[in-house]
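To start, the structure under review is shown below, and the notes come after it.
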Amino acid sequence: MPTCLYCQQPNPPQEAECSNCGMPLPALADTAGERRQKRFFWFCIGLTVFCAVMIVWLPRHLF
Ligand SMILES: [Zn+2]
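Be aware that the sequence shown starts at 8, since it is given in the numbering used here, and climbs by one per residue.
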């Protein structure tokens, strides 16, 4: 149950604004975690693509 940061009023879940004072409620914890996980996933994809490009692009005969 999300609690308002401004008036400490407990609010029903899926509520975007506080029912008491109307201020926006903090994002749900699991939603933020999911977003972070998605960002990390795309970071890994980008890193993999970068490494693949570097393997092909960098000259091999120098080593
Ligand atoms: Zn409030």
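Using N, Cα and C, we set each Cβ at its ideal position, and we do this for glycine too.
The DSSP-derived three-state label of E22 is coil. What you get when you keep residues with a C-beta closer than 6 Å to any heavy atom of ligand 1 is C11, Y13, C14, Q16, C25, N27, C28, M30. With 16 or more other Cβ atoms from the protein chains shown falling within 10 Å of its own Cβ, L32 counts as buried. Counting of Cβ neighbours within 10 angstroms places C28 among the exposed residues, the total staying below 16.
According to DSSP, residue pairing for P17 in a beta bridge involves T10.
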